[in-house]
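S.K.:
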Amino acid sequence: MINGITKILTSNSLNNITSNTNSQVMMETTLKAIGRPGFILIDNDIDDDTKKYAAAKEFLYQATCLLVYATIVVPVFKKGTFKLAQKLFKPEEIGDFKSSKQYAHYLKLCDTTLNNRQKTLEKEIKGVYKTDADGNKVRKLVKDEYSSLMVEELNKEHPNKFPILKGAVEFGNIVGSVFGLAIFAPQVSHLFIHPVLNALGFEKHKNSANTSESSQVLDKKV
Amino acid sequence: MNTTLLDKFRKICLKLGENNKPTYVVMSIAAVKGICRPAFTMMDKKEEPKTKKYTAIREGLTEIIAIPVYWLLGEGSAKLANKFLPEELKAKGAKNCMLIGVCAAALVVIPGLCSLAIKPLMDKFYHNKKGINLEKSDKNLSFIEPKTNPISQNTYSPVKRPSMQTFAGVGPYKSYGMKVGGV
Numbered sequence: 168m169i170n171g172i173t174k175i176l177t178s179n180s181l182n183n184i185t186s187n188t189n190s191q192v193m194m195e196t197t198l199k200a201i202g203r204p205g206f207i208l209i210d211n212d213i214d215d216d217t218k219k220y221a222a223a224k225e226f227l228y229q230a231t232c233l234l235v236y237a238t239i240v241v242p243v244f245k246k247g248t249f250k251l252a253q254k255l256f257k258p259e260e261i262g263d264f265k266s267s268k269q270y271a272h273y274l275k276l277c278d279t280t281l282n283n284r285q286k287t288l289e290k291e292i293k294g295v296y297k298t299d300a301d302g303n304k305v306r307k308l309v310k311d312e313y314s315s316l317m318v319e320e321l322n323k324e325h326p327n328k329f330p331i332l333k334g335a336v337e338f339g340n341i342v343g344s345v346f347g348l349a350i351f352a353p354q355v356s357h358l359f360i361h362p363v364l365n366a367l368g369f370e371k372h373k374n375s376a377n378t379s380e381s382s383q384v385l386d387k388k389v
Numbered sequence: 009m010n011t012t013l014l015d016k017f018r019k020i021c022l023k024l025g026e027n028n029k030p031t032y033v034v035m036s037i038a039a040v041k042g043i044c045r046p047a048f049t050m051m052d053k054k055e056e057p058k059t060k061k062y063t064a065i066r067e068g069l070t071e072i073i074a075i076p077v078y079w080l081l082g083e084g085s086a087k088l089a090n091k092f093l094p095e096e097l098k099a100k101g102a103k104n105c106m107l108i109g110v111c112a113a114a115l116v117v118i119p120g121l122c123s124l125a126i127k128p129l130m131d132k133f134y135h136n137k138k139g140i141n142l143e144k145s146d147k148n149l150s151f152i153e154p155k156t157n158p159i160s161q162n163t164y165s166p167v168k169r170p171s172m173q174t175f176a177g178v179g180p181y182k183s184y185g186m187k188v189g190g191v
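So the protein sequences, as listed, match chains S and A. Start counting the first sequence at 168; every next residue gets the next number (this note's numbering). Start counting the second sequence at 9; every next residue gets the next number (this note's numbering).
(1) Which residues in the same chain as A/Val210 place their Cβ atom closer than 8 Å to its Cβ, once the five residues preceding and following it in sequence are excluded?
(2) Going by beta-carbon coordinates alone, are S/Ser314 and S/Asp278 separated by less than 8 Å?
(3) Give a yes or no on whether the minimum CB-CB distance between S/Asn182 and chain A is below 8 Å.
(4) At a Cβ cut of 8 Å, what residues of the stretch 10-42 of chain A count as close to chain S, listed as they run along the chain?
(5) Exposed or buried, which one is A/Leu13 when buried takes at least 16 other CB atoms within 10 Å?
(6) Taking the straight line between their C-alpha atoms, what separation do you get for S/Ser344 and S/Lys218?
(7) Can you look up S/Thr280 in the DSSP assignment and give me helix, strand or coil?
(8) Give me the chain S residues within the contact set of A/Asn104, using Cβ-Cβ distance strictly less than 9 Å, ordered along the chain.
(9) Would a check of beta-carbon distances place A/Arg45 closer than 8 Å to chain S?
(10) Going along the stretch 73-97 of chain A in order, which residues come within less than 7 Å of chain S, judged by CB to CB distance?
(11) Between the C-alpha atoms of S/Ala230 and S/Thr173, what's the straight-line distance to the nearest angstrom?
(12) Counting only beta-carbon atoms, is A/Phe133 nearer than 8 Å to chain S?
(13) For S/Thr248, name the three-state secondary structure that DSSP assigns.
(14) Between the stretch 313-333 of chain S and the stretch 20-39 of chain A, do three or more beta carbon pairs fall short of 8 Å?
(15) Would you report the Cα separation of A/Thr63 and A/Glu96, rounded to the nearest angstrom?
(16) With a 10 Å radius around its C-beta and 16 neighbouring C-beta atoms as the bar for buried, classify S/Ile209 as buried or exposed.
(17) Do you know offhand how far S/Phe249's Cα is from S/Ser266's?
(18) Thinking just about the alpha-carbon of each residue, which of S/Pro258, S/Ile292, S/Glu324 is nearest to the one in S/Asn283?
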């Protein structure tokens, strides 16, 4: 039992999520989209129609945030800060990578043992070909994607992970997350939520509840 | 870029690259949300001022509650992992536990705390110190049925009196209505 918990807590897949800001934010937003509407629905102080309306609104808000974040913020800020880091820092600090995707793959390889890493580097990539010295078409290997410097680094027992580049990418992700979730997504959701709630019939409930309440208030005054 | 600024940026990047805690991003999002969401709500021209104020305070309070909860649960679960995990797994396990703590905060603790704490806090903001639940009292009031035959309106109409200003505007004295004291 304890061994099982320890295995889960120290698993590589969980560690991959933990070391990536984007996956952390997506996971947190998904949980918010479940938790917040759930707590609204179990609140006994609110009437049923209001509960459903508030829960649907909160769920849609979090879902919009997640969608906006995944489709706009992540690609823009990830690529942007990677390019900025390439301009600002020296090559020995950030290595020689073509894209942020290649760097992410490099980091994954760094987390494996030297033996496994070397095996992966010798694997063929499906559907990608190159011409060899004799002019024949042969499949490209994983190591062909990397520059010779990086292949040399990957053949070391403890390869350089280039923390400055990783930090720059994470910095971009944090700035993007803050901008996306706190500033940009609320604006988009504001435009998107009310028509959807209206289409689902929640706005009608709210309006009818409001009109009945207002008529009751008028009656009381009379 | 300026060298000092670049050095500072390099330091931040190095720190984040070596140890990017899951609490950093969630706390920074909560902090900015705590400022921006109420501000956006207050800028909404379609809502009534009272509703706007209420919603803005509620949103601000939610994020104020969220920031310390994220920190406490994140750091607390990392410390707990450091206590129980073997030495070689501590670094990896502590960080993973921090993420689990943050997730637990987002899923259960923060929504739960908000639904418990926000209502009394909002009552305090709106000076309802006696602890009267306005929503409940309103609900009770809504059960009072309006009378089927409302009180009939008084149909009294004022009697038209004949005007006494027979020579109004004629002569040296003009009439300006009734004056006490003569002039």
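Ideal placement from N, C-alpha and C gives every residue a C-beta, glycine not left out.
M.R.: Inspection of the coordinates gives the following:
(1) Because chain A is modelled from 9 through 191, residue 210 of chain A falls outside the range shown and cannot be assessed.
(2) No. Outside cutoff.
(3) Cβ-Cβ to chain A under 8 Å: yes for S/Asn182.
(4) Taking 8 Å as the Cβ-Cβ cut-off, the stretch 10-42 of chain A approaches chain S at Leu14, Phe17, Arg18, Ile20, Cys21, Leu22, Lys23, Leu24, Gly25, Glu26, Asn28, Pro30, Tyr32, Val33, Val34, Ser36, Ile37, Val40, Lys41, given in chain order.
(5) An exposed status is given to A/Leu13, since fewer than 16 other beta-carbon atoms sit within 10 Å of its beta-carbon.
(6) In a straight line, the C-alpha of S/Ser344 is about 29 Å away from that of S/Lys218.
(7) For S/Thr280, the secondary structure class from DSSP, reduced to helix, strand or coil, is coil.
(8) Residues of chain S with a Cβ closer than 9 Å to the Cβ of A/Asn104 are, in chain order, Ile175, Leu176, Thr177, Ser178, Leu181, Asn182, Ile184, Thr185.
(9) Yes, because at least one Cβ of chain S sits closer than 8 Å to the Cβ of A/Arg45.
(10) Taken in chain order, the members of the stretch 73-97 of chain A whose beta-carbon sits within less than 7 Å of a beta-carbon on chain S are Ala89, Leu93, Leu97.
(11) Distance from the CA atom of S/Ala230 to the CA atom of S/Thr173, rounded to whole angstroms, is 32 Å.
(12) For A/Phe133, no Cβ of chain S is located within less than 8 Å of the residue's own Cβ.
(13) For S/Thr248, the three-state secondary structure derived from DSSP is helix.
(14) Taking 8 Å as the limit for Cβ pairs, the verdict is that the stretch 20-39 of chain A does touch the stretch 313-333 of chain S.
(15) Here the alpha carbons of A/Glu96 and A/Thr63 stand approximately 48 Å from one another.
(16) Its Cβ having fewer than 16 others within 10 Å, S/Ile209 is exposed.
(17) About 8 Å.
(18) Just measuring C-alpha positions, the residue of S/Pro258, S/Ile292, S/Glu324 sitting nearest S/Asn283 is S/Glu324.
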